[in-house]
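*Asks:* Just so you know, the sequence shown maps onto residues 1 to 241 in the UniProt record's numbering. All residues carry an ideal CB built from backbone N, CA and C; glycine is no exception. Fair warning: this is a prediction, and the values are worked out from it, not measured in the lab. Questions regarding the structure given below will be posed in turn.
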Amino acid sequence: MGKKNKRKGHPKPHYGGKPLWQLLENLPNHGVGRLIVRGSFRQDEEHPSYMRILTVDMTSKSIKHPDNPKNVNKIRIPVTVEKVWRGVISPKPCNIQSTSYLPDYILIPEAEEEKYVRNAKTASECNYVYWTAGQKKRIKESIEQGMSPEEAKQREKERIALQEAEAGGSTSSGSFNQNQSIFEDNFDDDIDEDDDHQNFPERQVQKNSASANKIGHGPSRGSKRSWPQKSNKVSAKLRKQ
1 MGKKNKRKGH
11 PKPHYGGKPL
21 WQLLENLPNH
31 GVGRLIVRGS
41 FRQDEEHPSY
51 MRILTVDMTS
61 KSIKHPDNPK
71 NVNKIRIPVT
81 VEKVWRGVIS
91 PKPCNIQSTS
101 YLPDYILIPE
111 AEEEKYVRNA
121 KTASECNYVY
131 WTAGQKKRIK
141 ESIEQGMSPE
151 EAKQREKERI
161 ALQEAEAGGS
171 TSSGSFNQNQ
181 SIFEDNFDDD
191 IDEDDDHQNF
201 PERQVQKNSA
211 SANKIGHGPS
221 RGSKRSWPQK
231 SNKVSAKLRK
241 Q
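Here you go:
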């Protein structure tokens, strides 16, 4: 009997691109400031989704379970990106090292970048909340204990606001209003990337983000609409370019 699909009922994706180490290896500055997309995700042409590369560490290549001959080409590298998910700019950098080995990344030609970035909005601009994996877990646990999804999310928003008030900072989930009960979020999104940037110091990420702006790759601009699922004509079109 074969292995169960870890994607919990989702069909096996059709990857349409290259692994990140291969895509970025020969680019100037390893592609910092450039835009990439996942080939297996469906794009909305009017409101595209994408990632802007902030930091790449080509010196830290790794292979999970290197003794397995099947993994010889599954090379992972730490890559921090600014992610636009459903057209909303994520409030924190995201490390996509865990999926960087997949042959599914496509580099957007510089001449095509404008149509990707022109409609982006921050989470606060469109009343959107980005939950991290840990926050989602706490919300799910509260729901399992009998809370409604709305109550569980409100409790988590209050917990975040209290935690960051004690730390003297601003709210990280898109500067949301903790008393606002109607909002869009990523709670039901099934994404496979880590919401983590511990491999890179925050100052280094900010420095590279600023450098990207100076060389003409400005802040991400995107949209608010749908994206994931399977590849289609958009990724095919990009691969031909």
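When you compare only the Cα positions, how much space is there between V117 and S100?
*Replies:* Spanning the two alpha carbons is a distance of roughly 22 Å.
*Asks:* Would you be able to state if there are at least three C-beta pairs under 8 Å between the stretch 11 to 21 and the stretch 33 to 40?
*Replies:* Because the criterion of three Cβ pairs below 8 Å is met, the stretch 33 to 40 and the stretch 11 to 21 touch.
*Asks:* Take every Cβ of the stretch 157 to 171, pair it with every Cβ of the stretch 69 to 81, and state whether three or more of those distances are shorter than 8 Å.
*Replies:* The stretch 157 to 171 vs the stretch 69 to 81: no contact.
*Asks:* Rounded to whole angstroms, how far is the Cβ of V84 from the Cβ of A111, which I believe are closer than 8 Å?
*Replies:* Actually they are not in contact, since the Cβ atoms of V84 and A111 sit about 19 Å apart, beyond 8 Å.
*Asks:* Rounded to the nearest angstrom, what separates A161 and V129 at their Cα positions?
*Replies:* One C-alpha to the other measures close to 13 Å.
*Asks:* Specify the secondary structure class of P128 as computed by DSSP and reduced to three states.
*Replies:* Correcting the residue identity first, residue 128 is Tyr in this sequence and not Pro. It is a strand residue.
*Asks:* How many Å lie between H65 and I143 at the Cα?
*Replies:* Between H65 and I143, the C-alpha separation is close to 36 Å.
*Asks:* Is the Cβ-Cβ distance between N127 and E184 less than 8 Å?
*Replies:* Taking 8 Å as the Cβ cut-off, N127 and E184 qualify as a contacting pair.
*Asks:* Taking buried to mean at least 16 other C-beta atoms within 10 Å of its own C-beta, is Q198 buried or exposed?
*Replies:* Confidence at Q198 is low in this model, with a pLDDT of 41, below 50, so the placement of that residue should be treated as unreliable; the coordinate-derived value is given next. So Q198 ends up on the exposed side.
*Asks:* In whole angstroms, give me the CA-to-CA distance for L23 and L107.
*Replies:* When rounded, the distance between both Cα atoms is 7 Å.
*Asks:* Helix, strand or coil: which one does DSSP assign to R76?
*Replies:* Three-state DSSP puts R76 in a strand.
*Asks:* When the Cα of H30 is compared with those of R42, V79, Q43 and S40, which residue comes out closest?
*Replies:* Of the listed residues, the one whose Cα sits closest to H30 is V79.
*Asks:* Please report the Cβ distance between M51 and E82, rounded to the nearest whole angstrom; I am assuming they are in contact, meaning their Cβ atoms lie under 8 Å.
*Replies:* Their Cβ separation, rounded to whole angstroms, is 7 Å, which keeps M51 and E82 in contact under 8 Å.
*Asks:* Keeping to the same chain, check which residues put their C-beta closer than 6 Å to that of Q135; ignore five residues upstream and five downstream.
*Replies:* Excluding residues within five positions, the ones whose Cβ falls inside 6 Å are E156.
*Asks:* With distances taken from CA atoms, which of M147, K115, P103 and P48 is nearest G87?
*Replies:* Answer by Cα proximity: P48.
*Asks:* DSSP three-state label for P13, please.
*Replies:* DSSP places P13 in coil when its eight states are reduced to three.
*Asks:* When you compare only the Cα positions, how much space is there between E25 and P93?
*Replies:* Using only the alpha carbons, I get a separation of about 21 Å.
*Asks:* Within 10 angstroms of its Cβ, does R76 collect 16 or more other Cβ (buried), or is it exposed?
*Replies:* Under this definition R76 is a buried residue.
*Asks:* Over what stretch of residues does the alpha helix (DSSP H) that includes R118 continue unbroken?
*Replies:* Where R118 is concerned, there is no enclosing alpha helix (DSSP H), given that its DSSP letter is neither H nor E.
*Asks:* Shortest alpha-carbon distance to W131 belongs to which of K115, P91 and D104?
*Replies:* Cα-wise, what sits closest to W131 is P91.
*Asks:* State the beta-bridge partners of Y105 as determined by DSSP.
*Replies:* DSSP output for Y105 lists K18 and R38 as bridge partner(s).
*Asks:* Check for me: the alpha helix (DSSP H) holding R159 runs from which residue to which?
*Replies:* Counting along the chain, the alpha helix (DSSP H) containing R159 begins and ends at P149 to A167.
*Asks:* Using a Cβ-Cβ cut-off of 8 Å (strictly less than) and excluding sequence neighbours within five positions of Y105, which residues of its own chain qualify?
*Replies:* For Y105, where only same-chain residues beyond five positions count, the Cβ hits under 8 Å are G17, K18, P19, L20, L23, I36, V37, R38 and G39.
*Asks:* Going by the CB atoms, is the gap between I63 and V32 shorter than 8 Å?
*Replies:* No, the Cβ-Cβ distance between V32 and I63 is not below 8 Å.
*Asks:* For E164 and K137, what's the separation of their Cα atoms in angstroms?
*Replies:* Approximately 19 Å between the Cα atoms of the pair.
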